[in-house]
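Residue numbers (this note's numbering): 32 to 241.
For reference, the structure is listed below as structure tokens.
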Amino acid sequence: MSKMNLPNKLTVLRLCLVPVLLVFGFLPESWINPMLSNFICAVLFIGTSVTDMLDGKIARKRGLITDFGKFLDPVADKFMVIGALFVLLYRFENLRLLMIIALIIVVFRELAVTSMRLVVSTGQNIVIAANKLGKLKTVLQIVAISTVFLEPVVQHIAMEIGKMITGRPLAWRTDIIPLSWITVILSLVLTVWSGVAYIKSYWKYLDPQK
Numbered sequence: 032m033s034k035m036n037l038p039n040k041l042t043v044l045r046l047c048l049v050p051v052l053l054v055f056g057f058l059p060e061s062w063i064n065p066m067l068s069n070f071i072c073a074v075l076f077i078g079t080s081v082t083d084m085l086d087g088k089i090a091r092k093r094g095l096i097t098d099f100g101k102f103l104d105p106v107a108d109k110f111m112v113i114g115a116l117f118v119l120l121y122r123f124e125n126l127r128l129l130m131i132i133a134l135i136i137v138v139f140r141e142l143a144v145t146s147m148r149l150v151v152s153t154g155q156n157i158v159i160a161a162n163k164l165g166k167l168k169t170v171l172q173i174v175a176i177s178t179v180f181l182e183p184v185v186q187h188i189a190m191e192i193g194k195m196i197t198g199r200p201l202a203w204r205t206d207i208i209p210l211s212w213i214t215v216i217l218s219l220v221l222t223v224w225s226g227v228a229y230i231k232s233y234w235k236y237l238d239p240q241k
């Protein structure tokens, strides 16, 4: 670990934070207030996302880009996003179908892209870094997952403030599409789009004779 440069250390830290997120995400409601748990999960997830932005920025600015970092960075992103989706699947019954669809799309996309990455890099000395569309996909996934965690927390706080002002319980509107649905669906569209674009861009490196 001491021989790693700073960006790679941040990437490893991101991987280490994923199990912590899973622990808090799967704690039963009898152990911790659901809103507090959602908030902690959101903070942990956003924290891991910040390290994702920092490691790439530092690596480019200081000339610390390595093959190890190119490989591990997208792997850490996958663990981070897929781990968070499993937590959301467990915690949000009203979003369960959407989370199942999201997991299927994300896992299938990552398996396809990873398979392409391995096939292309094997024997050709090619290390494939994440492209811009893939990075944008990751950013939108981060926004979507953070929104799902935080939306009920914001609703709860808004209702409590409204209760203090009016002196009576307030109900949240149910006749509008939740922001969490919108962001998740948009992220899934970009997940598919970036996966197809990735495979198309590296298809030329495949040799059917090998």
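Yeah, the Cβ is synthetic: ideal placement off N, Cα and C, and Gly gets one too.
Is it buried or exposed for residue i, if we count other Cβ within 10 angstroms and need 16 for buried?
i       : result
Cys-72  : buried
Ala-189 : exposed
Lys-92  : exposed
Pro-105 : buried
Ile-192 : exposed
Leu-103 : buried
Asn-125 : exposed
Phe-57  : exposed
Ile-135 : exposed
Asp-232 : Sequence check: residue 232 is Ser here, not Asp. Burial call: exposed.
Secondary structure at residue i, three-state DSSP: helix, strand or coil?
i       : result
Trp-234 : helix
Glu-60  : coil
Lys-163 : helix
Thr-42  : helix
Ile-135 : helix
Lys-88  : helix
Arg-148 : helix
Arg-199 : coil
According to the Cβ coordinates, are residue i and residue j closer than 8 Å?
i       : j       : result
Thr-79  : Leu-48  : yes
Ile-230 : Met-130 : no
Ala-90  : Pro-50  : no
Any Cβ of chain C within less than 8 Å of the Cβ of residue i?
i       : result
Lys-166 : As a matter of chain content, chain C is missing from the structure shown, which is built from one protein chain.
Worksheet item: Taking one C-beta from the segment 60 to 69 and one from the segment 108 to 117 each time, how about it: are there three or more such pairs within less than 8 Å?
Response: Contact between the segment 60 to 69 and the segment 108 to 117 is absent, with fewer than three C-beta pairs closer than 8 Å.
Worksheet item: Taking contact to mean at least 3 C-beta pairs separated by less than 8 Å, is the segment 219 to 226 in contact with the segment 162 to 181?
Response: yes
Worksheet item: Is there contact between the segment 82 to 96 and the segment 135 to 147, where contact requires at least three CB pairs shorter than 8 Å?
Response: The segment 82 to 96, when compared against the segment 135 to 147, does not touch it at the 8 Å Cβ threshold.
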